[in-house]
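With numbering that gives the first Met the number 0, the residue at position 138 of the sequence shown is 137, and numbering never jumps.
Beneath this line is the structure, given in structure tokens, with notes to follow.
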Amino acid sequence: MNKSGESKPDGVVDMMIFINIADNKWHSNPNLCLLQHPCYYITRDKANGYEVKIHTSNGTTQDYQPELDRQVGIIAHEYAHTFGLYDLYDQTYFSTNAASVEYSAGIGYWGLMGEGYGMWGLYSLCEFSKIKMGWITPNKITSYTLNLQVQPGTAYKIQPSTFPDDEYFLISYRDHSNFYDRKLPAGLLVWHIDESLRNNTNEFHKFVDLECADGLYSEAGQPDPISGGDNLDYWAKFDSTYTNQHNGNKYDDTDPFDGDRHTAFTPYTNPNSNGYGPSDRNKQGNVSKLAIHNIRPGGICDVIFNFWKGDLKADTVWKVVQSPYYLGGNVNVPAGVALIIEPGTVIEYNGYSIISTGGTIIRGDVVTSTTRNQNVPVCYILFQNYPNPFNPTTMIQYELIQPADVLLKIYNAAGQEVRTLIDQPQRAGANSVKWDGTDNGGVRVSSGVYLCKMETAAGYQTIKMLLLR
0 MNKSGESKPD
10 GVVDMMIFIN
20 IADNKWHSNP
30 NLCLLQHPCY
40 YITRDKANGY
50 EVKIHTSNGT
60 TQDYQPELDR
70 QVGIIAHEYA
80 HTFGLYDLYD
90 QTYFSTNAAS
100 VEYSAGIGYW
110 GLMGEGYGMW
120 GLYSLCEFSK
130 IKMGWITPNK
140 ITSYTLNLQV
150 QPGTAYKIQP
160 STFPDDEYFL
170 ISYRDHSNFY
180 DRKLPAGLLV
190 WHIDESLRNN
200 TNEFHKFVDL
210 ECADGLYSEA
220 GQPDPISGGD
230 NLDYWAKFDS
240 TYTNQHNGNK
250 YDDTDPFDGD
260 RHTAFTPYTN
270 PNSNGYGPSD
280 RNKQGNVSKL
290 AIHNIRPGGI
300 CDVIFNFWKG
310 DLKADTVWKV
320 VQSPYYLGGN
330 VNVPAGVALI
340 IEPGTVIEYN
350 GYSIISTGGT
360 IIRGDVVTST
370 TRNQNVPVCY
380 ILFQNYPNPF
390 NPTTMIQYEL
400 IQPADVLLKI
410 YNAAGQEVRT
420 LIDQPQRAGA
430 NSVKWDGTDN
440 GGVRVSSGVY
450 LCKMETAAGY
460 QTIKMLLLR
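Right, dumping it as structure tokens:
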């Protein structure tokens, strides 16, 4: 059968499930014991003149579980393999030669292809597996996105430009709205995918990895700020006492980004948004400059592709076509390093949007830091409207370094003009204007995303606004 349940007449039965009613597996049909052996089992029956061969090497024997959800979870997990889904737990657990510190929980209780069942009951497929089954189609994010609302049952694919084709992030949101998620901790889940792999046995480079909000392997802040330990990447079978205390590290309520304790996933947080690189640990790998920032309860977040902080390692050019550049803190230009900012480049920091009006070169051996006089705007600044989202009115603030002719208009998401708010000379300093959610004819506009564009002789700037009726 195919994924849609339709018959696939190729002469092959994809899967058979045997229920072996006996006090143990050795006291029934001995042929079942051949499962997992590297040989065929050939029956005495004939099908269209051919012997029936069973690929026993692809089979598995499982002990009966007294709890119904565990039994169903095992069968559902094994059945999913017939559709091409891979195991997402750490298979090192089955190696008799592996050290206990090499064990992890894989994705733990966060998907059927991990544990599949546990103290919370049955679990559905994780978002990656649902995509592979064709149940959901991920939405791709390729540009700066504010106030993204991630709904349950959806997934967003984010692939920084520095990542190879097989590597990307998925973000999803779990709440308590369905049977399978009703007992799971709520929050935003960040998945790190590398489809060049097919297993989760390497603790530092996995096929499907859930980026636990409370930190990476050996660097988490809980329960120990140095050694970590309380997350999926920490070994699940360290010793029996530890395993019992932490439920084998198969889950906890600090795995999701809840928007309260854990609110950011950037190149500088732990865990970080960098890619897998030449290092054996995901710390000095492919720097992504991706930030899932300002995470709020309910699966709301901002996705930023040019997130900068800390020391520059080499000469760097900030280009207008890649604007805006979001500063998550101080950006230091060391001696011998130059930062070149192209004209028109937008730089955002702590609520300010600064536009470069001329080519700017900052050299580390000449200028080690720059500061902004809060009373003197850099050419002009258009602030994010407040409140946002809004209903029915919102305030738009802007600053000018000197008197200037200002054109400030509102557009809908299709780029059609809705309202002209300002078209006249404005004084230097702080200014503001209110929009009441109506068009040029005084008619109330509908809910949706609107663009506010401010133009002066020096250039223009645009912000997004969300009207909710």
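Just so you know, even glycine gets a beta-carbon here, dropped at the ideal spot from N, CA and C.
Note that the structure is a prediction, hence the values are computed from the model and not measured.
(request) Put T153 into one of helix, strand or coil per three-state DSSP. (result) coil
(message) Going by beta-carbon coordinates alone, are E194 and D213 separated by less than 8 angstroms?
(response) no
(message) If the criterion is Cβ atoms closer than 8 angstroms, does the pair E114 and Y88 meet it?
(response) yes
(request) Determine the contact status of L465 and N146, defining contact as a CB-CB distance below 8 angstroms. (result) yes
(message) Quick test of your reading: L67 and M112, contact by CB under 8 angstroms. State the CB separation rounded to the nearest angstrom.
(response) That belief does not hold up - the Cβ atoms of L67 and M112 are roughly 20 angstroms apart, past 8 angstroms.
(request) Could you pull the start and end residues of the alpha helix (DSSP H) that H76 belongs to? (result) 67-79
(message) Considering only their Cβ atoms, is the gap separating I462 from L381 smaller than 8 angstroms?
(response) yes
(message) Going by DSSP, what residue range makes up the beta strand (DSSP E) through K433?
(response) 428-434
(message) Cutting at 6 angstroms between CB atoms, please list the residues of its own chain near T262, excluding the five before and the five after it.
(response) I294
(message) Looking at T455: is its Cβ nearer than 8 angstroms to the Cβ of Y379?
(response) yes
(message) Let me make sure I understand the geometry here. Which of H80, P266, G441, V11 has the alpha-carbon closest to that of G309?
(response) P266
(message) Buried or exposed, going by whether 16 or more other CB atoms sit within 10 Å of the CB of R181?
(response) exposed
(request) Put V320 into one of helix, strand or coil per three-state DSSP. (result) helix
(request) Taking all protein chains shown into account, decide if M170 is buried (16 or more other Cβ within 10 angstroms of its Cβ) or exposed. (result) It is worth fixing the name first, because residue 170 is Ile in this sequence and not Met. I170 should be labelled buried.
(request) Identify, in the order they occur along the chain, each residue of the same chain with its Cβ nearer than 6 angstroms to the Cβ of V375, setting aside the five sequence neighbours on each side. (result) Here the model assigns V375 a pLDDT of 39, short of 50, so the residue's position is not dependable, and the following value carries that caveat. Here the set comprises nothing.
(request) Express the C-alpha separation of N329 and Y108 in angstroms, rounding to a whole number. (result) 39 angstroms
(message) Would L338 and V332 be called neighbours here (beta carbons separated by less than 8 angstroms)?
(response) yes
(request) From the DSSP output, in three-state form, read off Y449 for me. (result) strand
(message) Quick check on DSSP: helix, strand or coil for Y385?
(response) strand
(request) Could you name the residues of the same chain whose beta carbon sits closer than 8 angstroms to that of P402, not counting the 5 residues immediately before and after it, in chain order? (result) P424, Q425, R426, A427
(message) One question on the structure: do K186 and D257 come within less than 8 angstroms of each other, judged by their Cβ atoms?
(response) Position check: residue 186 holds Gly in this sequence, whereas Lys was assumed. In this structure, D257 lies closer than 8 angstroms to G186 by Cβ.
(request) Can you tell me which of the three DSSP states R173 falls into? (result) strand
(request) Starting from the C-beta of V432, find all residues in its chain whose C-beta is less than 7 angstroms away, skip the five residues before and the five after it, and write them out in chain order. (result) I395, L407, L420, I421
(request) Closer than 6 angstroms by C-beta to F306: which residues in its own chain qualify, once you throw out the five before and the five after it? Chain order, please. (result) T265, K288, A290, Y325, G327
(message) Considering Cα atoms alone, identify which of N439, D404, I409 is closest to N430.
(response) D404
(request) Using the Cα positions of I130 and T153, report the straight-line distance between them to the nearest angstrom. (result) 10 angstroms
(request) Would you kindly report the start and end of the unbroken alpha helix (DSSP H) that includes K129? (result) 126-132
(message) Would V302 and I157 qualify as a contact pair, given that the criterion is a beta-carbon distance under 8 angstroms?
(response) yes
(request) Alpha carbon to alpha carbon, how far is N387 from I409? Give it in angstroms, no decimals. (result) 15 angstroms
(message) Only counting the same chain, and skipping five residues up and downstream in sequence, which positions put a Cβ closer than 7 angstroms to that of V189?
(response) F168, I170, E210, F256, F264, I291
(message) Using a Cβ-Cβ cutoff of less than 7 angstroms, which residues in the same chain neighbour D252 once the five nearest sequence positions on both sides are dropped?
(response) P184
(request) Report buried or exposed for S160, applying the criterion of at least 16 other Cβ atoms within 10 angstroms of its Cβ. (result) exposed
(request) Report yes if the CB atom of Y397 is closer than 8 angstroms to the CB atom of V417, and no otherwise. (result) no
(message) If the criterion is Cβ atoms closer than 8 angstroms, does the pair G447 and N411 meet it?
(response) yes
(request) Return yes when the Cβ of S176 is within less than 8 angstroms of the Cβ of P137, no when it is not. (result) no
(request) Give me the Cα-Cα distance between S226 and T200, rounded to the nearest whole angstrom. (result) Any answer about S226 is weak, because its pLDDT of 48 lies below 50 and its placement is not dependable; what the coordinates show is given next. Rounded to whole angstroms, S226 to T200 spans 21 angstroms at the Cα level.
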